[in-house]
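Be aware that the sequence shown starts at 5, since it is given in our numbering, and climbs by one per residue. A virtual CB, placed ideally from N, CA and C, is assigned to each residue, including glycine. Here the structure is a predicted model, which means the values were calculated and not measured. For reference, the structure discussed in these notes is given below.
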Amino acid sequence: MNHNIISLKRFFWHFRKSSTQKRLFFTYVITYIPLLLFMFADIRYANQLLIQQSIQYNDNTISLQIATIDNDLHHTSSYLYSFLLNENLSRNISSPENTLDTQIFIQNSFRSYLDTYDGCCSLFFYSPKQDILIMRSSSYDTFYERREIKEYIRQQCTVQEEASQTPGVTGWTFHTIGEQNYLIETMDFHNIYVGAFGICSYIFQELGELETDTGGLFLLSNQEGEVSFLFSELSLDKNDQKKDRKYITIPVDSPNNDYRLSLYIPKSNVLGSFPQLQYMAVALVIFALLFFCIYLYNIYKRIVAPILSMIAAMEAIQKGDFNSRLKVPNTNDEFARLTETFNFMISRINDLKIQVYEKKLNQVYARLSYLTLQIKPHFFLNCLNLLYSLGLSGRSELVADFSSALMKHFRYLFKNSDNMVTLEEELMHIKNFLHIQQIRFQNELETEYIIQDNADSWRIPVLSLHTFVENIFKHAYNDTQQKKLRITAYTDMENNCEYLFLHIEDNGKGFSEEALQQFNVPIVPEDAESSSRLSDNSLNSGTDRPHIGISNVRQRLFFLYGSGRWLCCQNRPKGGARVTMKIPWSDAPKK
């Protein structure tokens with residue numbers, strides 16, 4: 005008992021804690037479903053009750069009729085049994101002198117019995133040894149029917165080698181002979197057969213009224229499997245697999261004889277107008293279901309749907325989408341006022357967010373532009389120094405060639421002030437820069453470019469490759485060392501996103517352990533701020549920190565694409581350094 009109370013309390017606790025939508029569903033289930041089940045159970049019970057009452061009434065009626073018929077048949081059987089035990093009958097019928105007299109005696113006895121008892125049966129006497137067949141028939145059987153009966157008697161009543169010492173009685177059994185149905189009883193004693201037969205439609209004629217009243221039909225059968233309709237064959241198919249669904253079957257066996265009467269009544273006749281009441285009840289249930297569904301839909305549309313829309317908008321705002329707005333319902337109720345207030349609140353939050361975002365964005369753009377300017381003066385001073393050296397040496401052709409290359413270089417810098425260029429443009433600038441370096445150092449430079457076809461149009465930060473190529477000449481080589489440079493570019497998928505991978509490799513001294521540890525740590529906003537302050541202090545103080553160009557590239561990648569491992573520096577096993585840069589695909593950098 006206590007366990008059931010605890011379970012019930014737990015259920016209502018979960019019900020109270022569930023959402024409004026679940027509450028509506030549970031309300032529907034616990035109210036409508038039991039009502040629906042009760043109604044169908046009540047209809048089924050009433051249906052079964054009507055059928056059971058009909059079966060009981062008709063079973064009693066048929067049993068009374070069979071008892072009356074069996075009583076009449078028993079009277080005939082008693083007469084035949086006493087007639088068969090007549091001692092002179094067998095002796096006289098076998099004597100040629102007394103055969104005719106015995107036949108007359110039998111005829112008179114049968115006529116006297118049938119005149120005294122107005123039954124529906126015909127009597128016969130048959131001696132198979134002498135082939136003497138005496139029949140006393142009722143007035144309703146025809147000549148052809150009598151002939152078929154005689155053939156049947158001669159086939160069934162044969163001479164027995166060992167005559168029975170006691171009378172053999174078969175009892176009344178149903179048989180079909182020709183096109184007629186009969187109840188037949190046969191008795192034998194000392195190879196003498198007597199019996200009676202009657203047409204079933206006359207024997208059971210009292211049941212015709214019951215068949216008419218119920219609208220059904222009687223089926224007569226025996227233990228040997230013979231089946232026949234008693235009065236009419238209407239529309240009942242004996243092999244119909246669905247007849248049990250269409251008809252009510254009431255079988256009644258004769259307690260004393262071998263036959264069974266089965267009454268088949270159409271269920272429509274028993275139920276009468278009850279199916280119409282069933283249909284009305286089902287229609288009422290369906291109407292109640294539709295009404296309840298419309299009611300639930302109305303509640304959902306006016307109460308649940310606005311709440312769910314508001315929850316969805318709040319979840320979108322939680323994910324950062326401050327452009328979510330709710331449609332104000334065209335009703336003058338609490339939900340309309342709540343929706344208007346919600347939209348106004350989100351608009352105010354979005355305005356404040358945009359103001360703060362624009363302020364921070366301006367700071368980032370200012371710092372990004374400043375970082376780009378940090379690279380340009382660094383390279384500019386190196387170029388002026390080289391041009392000055394060539395002028396002092398009097399090498400005018402190299403000065404012209406260098407000036408042309410330098411002009412292309414600065415045109416590239418001034419043209420791409422938007423901080424983003426294609427990889428193809430950056431590589432052309434790298435080749436021009438390497439030409440400048442060849443003029444400066446007057447030695448051969450071995451270069452190799454492995455560029456995937458679809459990588460040329462990828463947009464990358466301006467001077468991002470240039471910074472690493474410039475650092476190779478500044479930190480990786482001495483003036484006499486043979487220089488080798490290889491640039492590889494290809495696209496690949498990573499975490500369902502497409503990226504451009506850039507590899508810059510040389511055969512120089514490589515990175516120090518301190519530099520590798522510094523450049524391979526992903527940058528975070530606090531590191532970007534501190535690195536920017538250090539860069540500002542370095543420029544203001546005139547000092548040049550080691551690898552300031554690489555630090556600036558790392559900061560630019562962070563400001564353009566956010567937190568992530570966009571840059572990886574490592575040393576090659578055979579000597580030299582290798583820098584890998586990963587650029588995400590986008591038409592424009594992330595702001």
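- Of Val425, Gly514, Leu467 and Thr103, the smallest CA-CA separation from aspartate 460 is found for Val425.
- CA-CA distance, valine 231 to proline 270, rounds to 19 Å.
- Going by DSSP, serine 468 is part of the alpha helix (DSSP H) stretching over 468–475.
- The Cβ-Cβ distance between phenylalanine 201 and proline 171 does not fall below 8 Å.
- Segment contact: the segment 447–454 against the segment 573–588, fewer than three CB-CB distances shorter than 8 Å; contact not assigned.
- The DSSP-derived three-state label of histidine 179 is strand.
- Annotated three-state conformation of tyrosine 121 is coil, per DSSP.
- The shortest CA-to-CA distance from arginine 463 to any of Leu561, Ser58, Lys488 and Ala45 is the one to Leu561.
- If you keep only unbroken beta strand (DSSP E) runs of at least 3 residues inside the segment 546–586, you get 571–575.
- CA-CA distance, asparagine 423 to valine 466, rounds to 5 Å.
- Straight-line spacing of the CA atoms in phenylalanine 505 and glutamine 441 works out to 26 Å.
- In this structure, asparagine 185 lies away from cysteine 161, with their beta-carbon atoms at least 8 Å apart.
- In the assembly as shown, phenylalanine 348 is an exposed residue. Its beta-carbon has fewer than 16 other beta-carbons within 10 Å.
- Along the segment 51–115, the alpha helix (DSSP H) occurs as fully enclosed runs of 4 or more residues at 91–98, listed in sequence order.
- A straight line joining the alpha-carbon of phenylalanine 109 with that of histidine 79 spans about 21 Å.
- In this structure leucine 223 is in contact with tyrosine 268, their Cβ atoms being roughly 6 Å apart against a cut-off of 8 Å.
- Rounded to the nearest whole angstrom, the CA to CA distance from threonine 495 to glutamate 428 is 14 Å.
- Ranked by Cα distance from proline 132, the options Thr471, Tyr416, Gln159 and Ala320 are led by Gln159.
- The beta carbon of glutamate 210 lies closer than 6 Å to those of Gln69 in the same chain, with the five residues before and after it left out.
- The residues Val557, in chain order, have a CB closer than 6 Å to that of serine 468 in the same chain once the five nearest residues on each side in sequence are set aside.
- With 16 or more other Cβ atoms inside 10 Å of its own Cβ, glutamate 149 counts as buried.
- Around the beta-carbon of serine 126, 16 or more other beta-carbon atoms lie within 10 Å, marking it buried.
- In the three-state reduction of the DSSP assignment, cysteine 501 falls in the strand class.
- Sequence-distant Cβ neighbours of phenylalanine 129 in its own chain, meaning closer than 7 Å and more than five residues away, are Ile110, Ile138 and Val198.
- Isoleucine 358 and serine 567 have their C-alpha atoms some 21 Å from each other.
- A Cβ-Cβ distance of about 14 Å is found for the pair glycine 175 and asparagine 75, leaving them out of contact under the 8 Å criterion.
- Comparing alpha-carbon positions, the option among Pro333, Arg352 and Ile59 lying closest to valine 256 turns out to be Ile59.
- Under a 10 Å Cβ-count criterion, proline 310 is classified as buried, with 16 or more other Cβ atoms of the shown protein chains found around its own Cβ.
- The beta carbon of phenylalanine 339 sits closer than 8 Å to those of Arg306, Ile307, Pro310 and Pro333, all from its chain and outside the five residues before and after it, given in chain order.
- The closest CA to that of lysine 250, considering only Tyr61, Ser258, Ser272 and Ser266, is found on Ser272.
- Between the alpha carbons of asparagine 102 and leucine 214 lies a gap of roughly 50 Å.
- Tyrosine 117 sits close to tyrosine 83, with the two beta carbons spaced by under 8 Å.
- Nearest neighbour of serine 555 by Cα position, chosen from Ala581, Ile587, Leu520 and Lys578, turns out to be Leu520.
- The beta carbons of glutamate 474 and glycine 553 sit about 7 Å from each other, so the pair counts as a contact at 8 Å.
- If you draw a straight line from the Cα of leucine 41 to the Cα of isoleucine 298, it comes to about 21 Å.
- Short of 6 Å from the beta carbon of glutamate 509, and not among the five residues preceding or following it, lie these beta carbons of its own chain, in chain order: Arg490 and Arg582.
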